[in-house]
Each structure stands twice: as C-alpha cells, then as structure tokens.
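*Asks:*
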Amino acid sequence: MPRDDLTPRVPQAPAPPAARLADVSVRRGGRAILDGVSTRLTARGVTALIGPNGAGKTTFLKVLNGLIAPDRGAALWGEDGAAPKAVAQAMLLQQPVLLRRTAAANLVFAARRAGIPKSARADLIAYWLERASLTGRADAPARRLSGGEQRRLALVRALMLRPQALLLDEPGAGLDPSALRKLEALIAEAAEAGVKVIFSSHDLGQVRRLADELLFLNAGRLDAAGPAGALLDDPPAETLRRFLKGELL
Amino acid sequence: MAFQEAFAEAGRLLATGDEKLYEIVGLSLQVSLSAVAVAAVVGLPLAALLAVARFPGRGAVIAVLNALLGLPPVVVGLVVYLMLSRAGPLGELGLLFTPGAMVVAQSILVTPIVAAIAHRTLEDFFAEYAEELACFRMSRREVAATLLYEARLSLATALAAGFGRAVAEVGAVMIVGGNIDGVTRVMTTAIALETSKGDLPLALGLGVVLLGIALSVNALAFGLRALAARHAGEEGPGGRRAPAGARGQGA
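These protein sequence lines map, in sequence, to chains C and R.
If you're matching positions, the first sequence starts at 142 in the numbering used here and goes up one per residue.
If you're matching positions, the second sequence starts at 77 in the numbering used here and goes up one per residue.
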C-alpha cells in the first residue's frame, strides 16, 4: 500500500502549548466571578470544565481565549507564558453567531481569516461541509439551519482556523442525541489530530465520553482538578461529591 | 380649475410622456441619487466607525449627528449659497445655479440622516457580533467592514430615508439651484412654481410622480428588510434564534 494512503486528511497539528491560569480573578459588579484561580492544564487531550450555573465556567474559557482580561492574575500559554492572543486558538461560544450568509459562505469567511489561498478554498470547504454532514445544506442561509446544524457549522468554521487549542462553551447544550453524537465525533477527531480541547458542560455523560482531565469550578473557585475518571469515581472534594449527586451547592 | 380636471390633465401628461415632465423627473432623480451616493460613501463608514470604535467625544459626535437629522433645508441652502456665491470661499468653482450645487446641498442634508440611521442599525449588529468576531481576532477596521456587509440589506432603509428626504425637499435646491427652466428645475421646485402660476395640471402630474417614486423607494427598502429577516432566519417558525438578551448570560 502506498504510504500516501496512510496520511490523515486532517494534518497533525504541532504540539499545543499547555495553558495555565495564574491567580486569576475577574470581578463584575462587585461580585467575584473568578476568585484567585490557579491551575495548569495538560498540553494534550481533552479538558472538561464542570460546575453549577454561575460558577465561572464561561468566564474561565473567555480568559483563556483572551476575550476577557482578568482583573488580577493572567492566562499564560506555553513555557514562555505567551498571551492568549499570541496562540492559534478558536472558540465556540455558547450561542455561536453565524453570519447572515449561506453555510458555505460562513466557511469562506473562516478560510479567508486563516489565510488559505483562494485556489485551495473550494476543496477545503467541501471537505469540512462533508465532515459536518452539511454537504446538502451548503447554499442554505446559515441562520435557517437547525440547532444541531448551526452548532456543527460553527464548530467546523472554528476548526478551519487551524487552531492549536479549541475552546467550547457548553457545545452540546440543547441538542438531541443524534446531533450530539455528530458534534462529539467532530470534537473527538480534532483532539485525536492533536488539537488541545477545553470544553464546559453540564452533561456528565458527555464529560465521561470525551474528557481526559476534569476541572470543577464552584462559586468562582477551583474546588477540584485531576484525571476525569478518577475525579468522577472518587470525588476528592465534598462540593464535587455533592454536585455529582445532584445536590444544591 | 376643478380638481377632477387637474387630475385628468395630469394623467394625460403622464400617459403621453410629456417631454418637459420627464426632463424634470430625470433631473430630480439624478440630483437626489447623487446626493444619496455621496451620503453613502461618507455616512456609512462613519456610522460603522461610531458603532465599533470607542474614543473620547464619541457620545458627543453621535448626539450632534442625531441633532443634524433636523437640519432645515432652507438654512443648508442658504449656507451653501453663501459658500458658492461669487464672493464666497468656493465661488471660483462656478457651481452656483447648477445641478452640482444642488447635489452639494442635498448631500449635506442627507449624510447625517444616512449616518444616524445606519449607526443605530450597526450598533445593534455590533452588540450581536462583537464577541464572535473577537474570537476571529479581527481588527476594528475589519469588524467595521464585516458589519457593513452583514447589515447590507438592513442599511437599505437608511439609504431610502435619505433619498426620500432629498427628493422631497424644496428649500435647499430652490436657493442654490434657482429653479432655472431646463437647467436646475426639479420636481419640487416645479410644483411650487406651477402652483403659484396656476398651472395645476403640471403641478399635480409632477406631484403624482413624486409620490409614486417616494412610495416605491420605500417599498423597495421594506422588501429588502424582509429579505434580510428571512436570510437571518429571524421570522423562522418558533423563533430559532435566541433573543439578544439571552446572550452571554453564563458566567
């Protein structure tokens, strides 16, 4: 068999830099949304972020992405502590905003941002549409797609930026089981291709399926962090144990 | 002259394609469309800049822009007249009493309208897009350009409002154009003149055309907005899109 057949279609990304938060605090309206959070994430694999509503998960992701500058502390990427915006990363917001264009045109937009030459765009867009199971919907206005289709389109649009790290804010929220399975397959493939994935979720099943590493945020503080399986099976913190049992924190 | 007779005569003028009537209508369209084009080139980028940029004095600029919505045409006409009159600072251009002067006056009148309305639209678009575009690491200029493109159909309303104001105004074009037959006579100045002369059929015929143009431009803008809403999925069954207030609630 010729060697070429073994080459994966998704190019192996260079090793992503490990991210860390150093004593990060974010205050809004006199309330601490993140309160002195320090942690170091693994450089590879999938990190899940869990915790009750208002625990600071979205803010955690936005600080890592550089959308929010913390009031104290910093998000640092790699050994030399690069700023978030210096790192090739993409983010899927909780409510992704699709452009008022066709599904395919949304990907053209990303291809242009990623500096992909015009001659290579059509093939690449067809490839990603197919990966997102959207080939037949290429010419549909993006905002007329179903919830699951919109989320997949936003995800492949983010992946077209060829990120080293991919941040996702509750990527599965509100999706039916089949839409969820398609979305998770895309996320898992990105992780296998070497992209560092960090996502927040309220779906513990999804966390078990995808995550290697787990962070538990509660009221702006990091109450537990470690390998996902171990943490879920034997929660080291009382708050995490109660959270997993579905008790009010 | 009886009202009905005037209407009948107006209908005859329109139906037979009275040359004078079409000349006047043509000049009106030419002047007002040129003014709207100037307003678009100046006003739309200004509106986008005000929507995405944050700088000291921004609030004051927006307040002034909105105040200029109420600019009285005769005052604009008078100021442009003084600027373009032979003794004025721009007298050398020899523009006074030409269609060029009318375009200048109407552009001044219409640019704040286009800019102010477009700014309100783009402000809403920015609130919706800012975070997403920040994820794509876009500069302010790129964000402004993207918003102008995304809002393209909605911005038709701003241009239509500007055109409506330009084509219907009489004070400014009368002063700087002079209502010269065959040179600077447009629909509004002709209606004013013919009415005072008592030639009601021509005045009424022009009035009907003016009304028709104003209505169809606004109908067109309305249609484009409806198309924009459809494209955005905003009137989809069950309202698929989350209301703007639901955005960014999670911490």
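Even glycine gets a Cβ: it sits at the ideal position worked out from N, Cα and C.
Computed from a predicted model, the values in this text were never measured in an experiment.
1. Is it true that the CB of Val-186 of chain R sits closer than 7 Å to the CB of Ala-236 of chain R?
2. Does DSSP put Val-167 of chain C in a helix, a strand or coil?
3. Leaving aside the five residues before and after Leu-294 of chain C along the sequence, list all residues of the same chain whose C-beta is less than 7 Å from its C-beta, in chain order.
4. With DSSP as the reference, please indicate the residues paired to Trp-218 of chain C in a beta bridge.
5. Output, in sequence order along the chain, the residues in the region 213-235 of chain R whose CB is closer than 7 Å to any CB in chain A.
6. Under 7 Å between beta-carbons, which chain R residues line up against Ala-320 of chain C? List them in chain order, please.
7. Using a Cβ cut-off of 8 Å, pull out every chain C residue sitting near Glu-208 of chain R, in sequence order please.
8. Between Gly-274 of chain R and Arg-162 of chain R, what straight-line distance do the alpha-carbon atoms span, to the nearest angstrom?
9. Answer with yes or no whether the minimum CB distance from Arg-362 of chain C to chain R is below 7 Å.
10. Could one say the Cβ of Ala-203 of chain R lies closer than 7 Å to chain C's Cβ atoms, at least one of them?
11. What residue from R:Arg-88, R:Val-101, R:Ala-124 has the CA that sits closest to Val-259 of chain R's CA?
12. Output yes if chain C places a C-beta closer than 7 Å to the C-beta of Ala-308 of chain R; else output no.
13. Check this for me: beta carbons of Gln-230 of chain C and Ala-326 of chain C, under 7 Å apart or not?
14. Using alpha carbons as the reference points, say which of C:Leu-324, C:Arg-241, C:Phe-384, C:Val-297 lies closest to Asp-365 of chain C.
15. Within 10 angstroms of the Cβ of Ile-256 of chain R, are there 16 or more other Cβ atoms? Answer buried if so, exposed if not.
16. Along chain R, which residues have their Cβ under 9 Å away from the Cβ of Ala-245 of chain C?
17. State yes or no: is the C-beta of Thr-199 of chain C within less than 7 Å of the C-beta of Asp-344 of chain C?
18. Over what stretch of residues does the beta strand (DSSP E) that includes Ser-272 of chain R continue unbroken?
19. Listed from N- to C-terminal order along the chain, which residues in the region 203-216 of chain C have their beta-carbon within a distance smaller than 9 Å of any beta-carbon of chain R?
20. Would you mind listing the alpha helix (DSSP H) stretches within the region 161-235 of chain R that are 4+ residues and don't spill past its ends, in chain order?
21. Given a limit of 8 Å on CB to CB distance, which residues of the region 177-202 of chain C reach chain R?
22. Label Phe-298 of chain R either buried or exposed according to how many other C-beta atoms from any shown protein chain fall within 10 Å of its C-beta, with 16 as the threshold for buried.
23. Quick one: is Thr-97 of chain R buried, meaning 16 or more other Cβ sit within 10 Å of its Cβ, or exposed?
24. Below 7 Å between beta carbons: does that hold for Gly-247 of chain R and Pro-149 of chain R?
25. Look up Val-187 of chain C in the DSSP assignment and say whether it is helix, strand or coil.
26. Helix, strand or coil, according to DSSP, for Asn-142 of chain R in the structure here?
27. Can you name, in chain order, every residue of its own chain whose Cβ lies under 7 Å from the Cβ of Gly-197 of chain C, other than the five neighbours on each side?
28. With contact counted as at least three CB pairs below 8 Å, one residue from each stretch, are the region 270-287 of chain R and the region 168-176 of chain R in contact?
29. Below 7 Å between beta carbons: does that hold for Ala-86 of chain R and Leu-287 of chain R?
30. So with CB distances below 7 Å, who are the chain R contacts of Ile-366 of chain C?
31. Check for me: the alpha helix (DSSP H) holding Val-178 of chain C runs from which residue to which?
32. For Gly-186 of chain C and Pro-157 of chain C, I'd like the C-alpha separation in whole angstroms.
33. Is the region 178-193 of chain R close to the region 228-245 of chain R, with three or more CB pairs under 8 Å?
34. Do you know offhand how far Ala-189 of chain C's Cα is from Val-190 of chain R's?
35. Using a beta-carbon distance below 7 Å, is Leu-389 of chain C in contact with chain R?
36. Taking the straight line between their C-alpha atoms, what separation do you get for Ala-314 of chain C and Pro-237 of chain C?
*Replies:* Taking the geometry as given:
1. no
2. strand
3. Leu-239, Ala-244, Asn-247, Ala-273, Leu-275, Ala-283, Leu-286
4. C:Ala-160, C:Ala-223.
5. Given the protein chain composition of this structure (C and R), no chain A is represented.
6. One finds nothing in chain R with a Cβ atom closer than 7 Å to the Cβ of Ala-320 of chain C; even the nearest lies about 14 Å away.
7. Leu-234, Pro-237, Val-238
8. 34 Å
9. no
10. no
11. R:Val-101
12. yes
13. no
14. What sits at residue 365 of chain C in the sequence shown is Ala, not Asp. The shortest C-alpha separation from Ala-365 of chain C is found at C:Phe-384.
15. Answer is exposed; the Cβ neighbour count stays below 16.
16. Under the 9 Å cutoff, chain R gives no residues; its nearest Cβ is about 14 Å from Ala-245 of chain C.
17. no
18. Run containing Ser-272 of chain R: none in the beta strand (DSSP E); it sits in the alpha helix (DSSP H), 263-273.
19. Lys-203, Asn-206, Gly-207, Leu-208
20. 175-211, 216-226
21. Asn-194, Gly-195, Ala-196, Gly-197, Lys-198, Thr-199, Thr-200
22. Within 10 angstroms of the beta-carbon of Phe-298 of chain R lie fewer than 16 other beta-carbons, which makes it exposed.
23. Checking the displayed sequence, the identity of residue 97 of chain R turns out to be Leu instead of Thr. Label assigned to Leu-97 of chain R: buried.
24. Yes, these two residues count as a Cβ contact at 7 Å.
25. strand
26. helix
27. Ile-174, Leu-175, Leu-358, Gly-361
28. no
29. No, Cβ-Cβ distance for Ala-86 of chain R and Leu-287 of chain R is not below 7 Å.
30. According to the sequence displayed, residue 366 of chain C carries Ala and not Ile. The contacting residues do not exist; Ala-366 of chain C stays about 19 Å from chain R at best.
31. Taken as a continuous stretch (DSSP letters only), Val-178 of chain C belongs to no alpha helix (DSSP H), being part of the beta strand (DSSP E) at 172-181.
32. 10 Å
33. yes
34. 48 Å
35. no
36. 12 Å
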